[in-house]
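Numbering of the sequence shown is given in our numbering, commencing with residue 584 and proceeding in unit increments.
A virtual CB, placed ideally from N, CA and C, is assigned to each residue, including glycine.
Let me begin by presenting the structure, written as structure tokens, before commenting on it.
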Amino acid sequence: MPSYENLIEMIQQGNFVKCENLVKALVQQGSSPDDIIQKGIIRALDIVGQKFSEGDCFIPEMLIAAKASQNCIDTLKPTLAQANVQPKAKVVIGTVRGDLHDIGKNIVSMTLSAAGYQVIDLGVDVPISKFVEMLKVEQAKILALSCLITTTMPSMEATVKAIKDAGLKKQVKVMIGGPPTTDEFAQKIGADFRGKDSYDALNTTKTWAGN
């Protein structure tokens with residue numbers, strides 16, 4: 584009999600086929616999409632994130648769990664549409680101007696999407712004006728900025744400044760992430776939070792979105 588515990592285990596293993604079958608079976612036995620997301624998918628992501636924070640798993644394991652979780656969400660999409668389930672919040676995410684690295688950003692993007700948030704992923708080397716434009720167009724309340732190399736950290740600072748200059752900062756929460764970033768740097772540039780990994784980003788997004 585399918586269970587949330589089975590789903591949690593298969594997500595951690597990255598078994599896409601079994602994840603898809605379990606999600607379908609849980610829906611057939613009457614589980615709601617929200618329960619599958621909360622008790623299965625998000626719980627699995629929490630476990631993997633906690634293991635990563637404690638050094639018990641590494642980026643490949645996080646990536647495969649994020650992909651498996653996204654596969655679960657894709658399987659759930661018809662049911663979500665029928666139930667008229669709305670995304671919890673919109674998050675605009677991207678790697679800042681001058682930086683072409685995307686592994687960390689992709690893990691965060693997939694993790695947030697799998698947890699039920701609507702993620703607008705702008706990709707890499709994103710112009711400052713594009714971040715501002717998409718926040719306005721999408722009316723997103725959360726912005727996630729990523730970088731991997733020290734030389735692109737000024738682009739993060741310039742992006743946060745542009746958001747302030749556009750009059751959006753009071754309505755938008757900004758999180759930053761990437762190996763060269765620190766809590767002190769986040770405070771210096773006016774960001775609201777610096778996440779050390781996707782687990783951190785997910786927990787903060789939950790707090791900001793109120794769910």
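*Going by alpha carbons, who is nearest to G687 out of L718, G793, K779 and S712?*
K779
*From I676 to G613, what distance separates their C-alpha atoms?*
34 angstroms
*Does DSSP classify A647 as helix, strand or coil?*
The question names Ala, but residue 647 is Ile in the sequence shown. Of the three classes helix, strand and coil, the one that applies to I647 here is helix, per DSSP.
*Per DSSP, Q770 is paired with what?*
DSSP output for Q770 lists no bridge partner at all.
_Per-residue DSSP class, three states only, for R680_ = coil
*On the three-state DSSP scale, how would you describe M717?*
helix
*The beta strand (DSSP E) enclosing M758, as first and last residue numbers*: K756 to G760
*Since I believe V715 is in contact with A749 (beta carbons under 8 angstroms), could you give me their beta-carbon distance rounded to a whole number of angstroms?*
5 angstroms
*Which value, in whole angstroms, describes the spacing of the CA atoms of I591 and K771?*
39 angstroms
*How would you write the range of the beta strand (DSSP E) that S692 sits in, first residue to last?*
Unbroken run through S692 is the alpha helix (DSSP H), I686 to A697; no beta strand (DSSP E).
*Is the beta carbon of Y700 sitting closer than 7 angstroms to the one on P661?*
no
*What number of angstroms, rounded off, separates the C-alpha of R777 from the C-alpha of P710?*
21 angstroms
*By how many angstroms is the C-alpha of N689 removed from the C-alpha of T788?*
16 angstroms
*Thinking C-alpha only, which one of S615, T765, K650 and P763 is nearest L695?*
K650
*How about the stretch 755-763 and the stretch 716-732: do they share at least three Cβ pairs that are nearer than 8 angstroms?*
yes
*Indicate whether V679 and S781 have their beta-carbon atoms separated by less than 7 angstroms.*
no
*Grab the span of the beta strand (DSSP E) containing G778 for me, first residue to last.*
F776 to G778
*Should S636 go down as buried or exposed, given a rule of 16 or more other Cβ atoms within 10 Å for buried?*
exposed
*asked:* I need the DSSP call for Q701, collapsed to helix, strand or coil.
replied: strand
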